[in-house]
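Asker: Each residue of the sequence shown is one higher than the last, beginning at 4 in the working numbering. We put the CB at the ideal spot given by N, CA and C, even for glycine. Bear in mind the structure is a predicted one, so any value in this text is a computation, not a measurement.
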Amino acid sequence: MNAAVPRPVIPLPFDLERIRADFPILAEPVRGGRLAYLDNGATTQKPESVLRAMDHYYRHQNSNVHRAVHDLAERATTAYEAARDRIARFFGAAREEIVFTRGTTEAINLVAYSYLLPRLKAGDEILVTGMEHHSNIVPWQLVAAQIGARVVAAPVTDSGELDFDAWRGMLNDRTRLVAVGHVSNTLGTINPVEDMIREAHALGIPVLVDGAQAIAHLAVDVRALDVDFYASSAHKAYGPTGFGTLYAKRGHLEAMQPWHGGGDMIRTVSFEGSTWNDIPYKFEAGTPDMAGAIGFAAALDYIEAQGLDAIAAHEHALLEEGTARLTAIPGLRLIGTARRKGGILSFVMDCAHPQDIGTILDQSGVAVRTGHHCTMPLMQRFGIPATVRASLGIYNGSDDLAQLEAALHKVNRLFT
Ligand code: PLP
Numbered sequence: 004m005n006a007a008v009p010r011p012v013i014p015l016p017f018d019l020e021r022i023r024a025d026f027p028i029l030a031e032p033v034r035g036g037r038l039a040y041l042d043n044g045a046t047t048q049k050p051e052s053v054l055r056a057m058d059h060y061y062r063h064q065n066s067n068v069h070r071a072v073h074d075l076a077e078r079a080t081t082a083y084e085a086a087r088d089r090i091a092r093f094f095g096a097a098r099e100e101i102v103f104t105r106g107t108t109e110a111i112n113l114v115a116y117s118y119l120l121p122r123l124k125a126g127d128e129i130l131v132t133g134m135e136h137h138s139n140i141v142p143w144q145l146v147a148a149q150i151g152a153r154v155v156a157a158p159v160t161d162s163g164e165l166d167f168d169a170w171r172g173m174l175n176d177r178t179r180l181v182a183v184g185h186v187s188n189t190l191g192t193i194n195p196v197e198d199m200i201r202e203a204h205a206l207g208i209p210v211l212v213d214g215a216q217a218i219a220h221l222a223v224d225v226r227a228l229d230v231d232f233y234a235s236s237a238h239k240a241y242g243p244t245g246f247g248t249l250y251a252k253r254g255h256l257e258a259m260q261p262w263h264g265g266g267d268m269i270r271t272v273s274f275e276g277s278t279w280n281d282i283p284y285k286f287e288a289g290t291p292d293m294a295g296a297i298g299f300a301a302a303l304d305y306i307e308a309q310g311l312d313a314i315a316a317h318e319h320a321l322l323e324e325g326t327a328r329l330t331a332i333p334g335l336r337l338i339g340t341a342r343r344k345g346g347i348l349s350f351v352m353d354c355a356h357p358q359d360i361g362t363i364l365d366q367s368g369v370a371v372r373t374g375h376h377c378t379m380p381l382m383q384r385f386g387i388p389a390t391v392r393a394s395l396g397i398y399n400g401s402d403d404l405a406q407l408e409a410a411l412h413k414v415n416r417l418f419t
């Protein structure tokens with residue numbers, strides 16, 4: 004299939020009220036009042052254009068892809084493959100380098116089993132950081148355990164930054180892969196992935212970047228990064244749940260064996276043996292999530308129409324405002340104060356456990372996440388069981404932060 008003709012995206016001026024009007028769920032009353040949705044790190048809400056694109060697919064295009072000659076099958080296949088072109092363009096990749104997955108977690112598992120495991124020897128190391136999400140730790144542990152290799156983690160400083168010199172000192176001739184989160188889901192830290200990729204490549208070590216918390220908030224160009232693998236989830240970028248992508252360099256994908264067998268990933272099948280389809284289909288066994296791909300493409304259209312630079316500037320201004328508001332609250336301590344930070348405010352309070360804080364915030368219509376955020380080693384590093392995490396998205400504003408701040412004062416009143 005030909006690559007789609009790139010459509011220029013002319014960013015709209017950033018207009019918070021117009022953006023909010025695009026997200027129907029934001030008008031939903033919660034606990035009888037206004038919703039301040041500050042749980043974007045867990046999942047984002049979906050704009051009308053994404054809902055419409057998926058609805059349109061099921062009403063007018065639905066059929067199985069790649070398998071029939073009838074009109075609907077052709078419509079479904081065309082829409083599905085156009086989505087791949089759209090997604091590839093967002094990442095600056097070729098369409099063959101974009102493998103559809105169920106999300107970041109599955110993308111990382113694919114690399115663990117299909118790329119790393121066959122190349123791993125006893126004593127090898129997978130170098131991660133101390134701030135990784137469990138999805139960027141456990142898949143490596145699973146394959147390492149099969150071979151007698153191990154996962155090692157570089158330390159995190161008190162402000163929640165990667166200790167870069169310590170990380171560099173841990174690279175060695177046993178390091179088989181570097182894996183790092185682009186943006187920490189718990190701390191908001193933006194890791195220096197450009198420098199890490201350069202250092203690792205100088206030693207011939209490939210790098211996987213977990214982009215789950217990045218793609219809705221900062222521009223990503225996989226070619227400029229020269230990253231080997233880049234994993235992401237649609238639902239954290241205003242797209243549907245259960246869909247995501249793995250970008251991988253063509254050479255890696257061609258050298259990798261399939262990991263799931265079934266329909267669509269084969270060229271020929273016989274009882275003597277089977278042969279594999281071209282990349283990326285070799286890694287996409289079974290009927291795919293067509294509506295998911297189309298919804299993700301629509302979400303990326305939405306993001307680019309607003310402009311990632313404008314989104315980043317808006318969220319950064321809110322982060323600064325939120326930091327000032329929260330640090331003025333007695334007994335509140337921010338966890339994660341890195342110099343380069345995305346829109347995440349994690350904190351603990353002297354007076355109450357995060358779970359109780361979350362419950363009081365909910366009564367005030369403030370949706371946040373409490374717990375370990377799938378980063379248990381990071382909780383151990385900071386000697387805390389959990390944090391409260393407010394995470395920003397495109398539709399948040401000062402009013403959401405004010406609602407959070409007022410509810411936190413209520414927490415102080417109730418518990419002290
Ligand atoms: N990596 C990071 C940094 C995340 O924040 C998350 C989700 O919270 C994941 C990976 C896993 O994403 P998913 O559950 O969509 O596969």
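D58 by DSSP, collapsed to three states: which one?
Answerer: Three-state result, D58: helix.
Asker: Under a Cβ-count criterion, where at least 16 other Cβ atoms within 10 Å of its own Cβ denotes burial, should Y61 be classed as buried or exposed?
Answerer: Flag for Y61 reads exposed.
Asker: Just to confirm before moving on: does the CB-CB distance between A157 and T132 stay below 8 angstroms?
Answerer: Yes, the pair counts as a contact, with Cβ atoms nearer than the cut-off.
Asker: Please name the residue, chosen from H412, L41, L335 and A82, that lies closest to F350 on a Cα-to-Cα basis.
Answerer: Ranking H412, L41, L335 and A82 by Cα distance to F350 puts L335 first.
Asker: Let me confirm a value: G254 is counted as buried when at least 16 other C-beta atoms fall within 10 Å, else exposed. Which label applies?
Answerer: Exposed is the call here.
Asker: Apart from the five residues on each side of it in sequence, which residues of its chain come closer than 6 angstroms, Cβ to Cβ, to F418?
Answerer: Closer than 6 angstroms at the Cβ level, and outside the excluded window around F418, lie C354 and A355.
Asker: Just to check, is the beta-carbon of D213 closer than 7 angstroms to a non-hydrogen atom of the ligand PLP?
Answerer: For the ligand PLP, at least one heavy atom lies less than 7 angstroms from the Cβ of D213.
Asker: Flag this pair as touching only if the stretch 392 to 412 and the stretch 154 to 169 have three or more C-beta atom pairs under 8 angstroms; answer yes or no.
Answerer: No, the stretch 392 to 412 is not in contact with the stretch 154 to 169.
Asker: Between Q216 and the ligand PLP, is the CB less than 7 angstroms from at least one heavy atom?
Answerer: Checking the Cβ of Q216 against the ligand PLP gives yes.
Asker: Return the residue from the list Y250, T290, A251 and L322 that minimises the CA-CA distance to I2.
Answerer: Outside the shown range of the chain (4 to 419) lies residue 2, about which nothing can therefore be said.
Asker: Which residue from R392, A300, A389 and R328 puts its Cα closest to that of Y438?
Answerer: Not covered by the structure: residue 438. The range shown for the chain is 4 to 419.
Asker: Here's the rule I'm using: 16 or more other beta-carbon atoms within 10 Å means buried, otherwise exposed. How should P283 be labelled?
Answerer: P283 is buried by the Cβ-count criterion.
Asker: Got a sec: does the ligand GDP put a non-hydrogen atom nearer than 7 angstroms to the Cβ of A156?
Answerer: With respect to the ligand GDP, the structure offers nothing, as its ligand set consists of the ligand PLP.
Asker: Buried or exposed: E318, going by 16 or more other Cβ atoms within 10 Å of its Cβ?
Answerer: Classification for E318: buried.
Asker: Using 8 angstroms for Cβ pairs, my map puts A308 next to F246. What's the rounded Cβ distance?
Answerer: Rounded, the Cβ-Cβ distance is 20 angstroms, inconsistent with contact.
Asker: Could you tell me the distance, in whole angstroms, from the CA atom of T340 to the CA atom of R171?
Answerer: If you take the alpha carbons of T340 and R171, they lie about 22 angstroms apart.
Asker: What are the residues that DSSP puts in a beta bridge with G95?
Answerer: Note: G95 sits in no beta bridge, so no partner.
Asker: Can you tell me where the alpha helix (DSSP H) holding Y305 begins and where it ends?
Answerer: Residues M293 to Q309.
Asker: With respect to the beta strand (DSSP E) encompassing L335, which residues constitute its N-terminal and C-terminal limits?
Answerer: Unbroken beta strand (DSSP E) run through L335: L335 to L337.
Asker: Considering only the alpha carbon of each residue, which of T390, P50, I140 and R153 lies closest to Q337?
Answerer: Sequence inspection shows Leu at residue 337; the Gln mentioned does not correspond to that position. Nearest C-alpha to L337: T390.
Asker: Could you pull out every residue in the same chain whose Cβ sits closer than 8 angstroms to the Cβ of S117, ignoring the five residues on either side in sequence?
Answerer: Within the same chain, S117 has close Cβ partners M259, Q260, P261, W262 and F286.
Asker: Closer than 6 angstroms by C-beta to A120: which residues in its own chain qualify, once you throw out the five before and the five after it? Chain order, please.
Answerer: Here residue 120 turns out to be Leu, not Ala, going by the sequence shown. If we look at L120 and ignore the five residues flanking it on each side, its Cβ neighbours are V146.
Asker: Below 8 angstroms between beta carbons: does that hold for R384 and I347?
Answerer: In this structure, I347 does not lie closer than 8 angstroms to R384 by Cβ.
Asker: Would the beta-carbon of G44 be found less than 7 angstroms away from any heavy atom of the ligand PLP?
Answerer: It does: the Cβ of G44 is within 7 angstroms (strictly closer) of some heavy atom of the ligand PLP.
Asker: Can you give the Cα-Cα distance for T189 and T107, rounded to whole angstroms?
Answerer: One C-alpha to the other measures close to 16 angstroms.
Asker: Leaving aside the five residues before and after I332 along the sequence, list all residues of the same chain whose C-beta is less than 6 angstroms from its C-beta, in chain order.
Answerer: Correct list, in chain order: L411.
Asker: If contact is defined by three or more beta carbon pairs under 8 angstroms, each pair taking one atom from either stretch, is the stretch 204 to 211 in contact with the stretch 228 to 239?
Answerer: Yes: at least three Cβ pairs fall under 8 angstroms.
Asker: With 16 as the cutoff for other CB atoms within 10 Å, does M352 come out buried or exposed?
Answerer: By the neighbour-count rule (16 or more Cβ atoms within 10 Å), M352 is buried.
Asker: For E128, which residues does DSSP report across the bridge?
Answerer: Answer by DSSP bridge pairing, in chain order: R153 and T178.
Asker: R416 by DSSP, collapsed to three states: which one?
Answerer: R416 falls in the helix class under three-state DSSP.
Asker: Comparing alpha-carbon positions, which option in L180, V223 and L221 lies nearest I202?
Answerer: Before going on, a small fix: residue 202 reads as Glu here, not Ile. Closest by alpha carbon: L180.
Asker: According to DSSP, is K344 helix, strand or coil?
Answerer: DSSP places K344 in strand when its eight states are reduced to three.
Asker: So which of V12, R23, E128 and S187 has the shortest CA-CA distance to P380?
Answerer: Answer by Cα proximity: S187.
Asker: What does the alpha-carbon distance come out to for the pair K344 and G191?
Answerer: Distance between the alpha carbons of K344 and G191: 5 angstroms.
Asker: Looking at P16 and E1, is the spacing between their C-beta atoms short of 8 angstroms?
Answerer: Lying outside 4 to 419, the shown extent of the chain, residue 1 is not represented and no answer is given.
Asker: Let me know if G35 comes out buried or exposed under the rule of 16 or more other beta-carbons within 10 Å of its beta-carbon.
Answerer: Looking at its Cβ environment, which holds fewer than 16 other Cβ atoms inside 10 Å, G35 is exposed.
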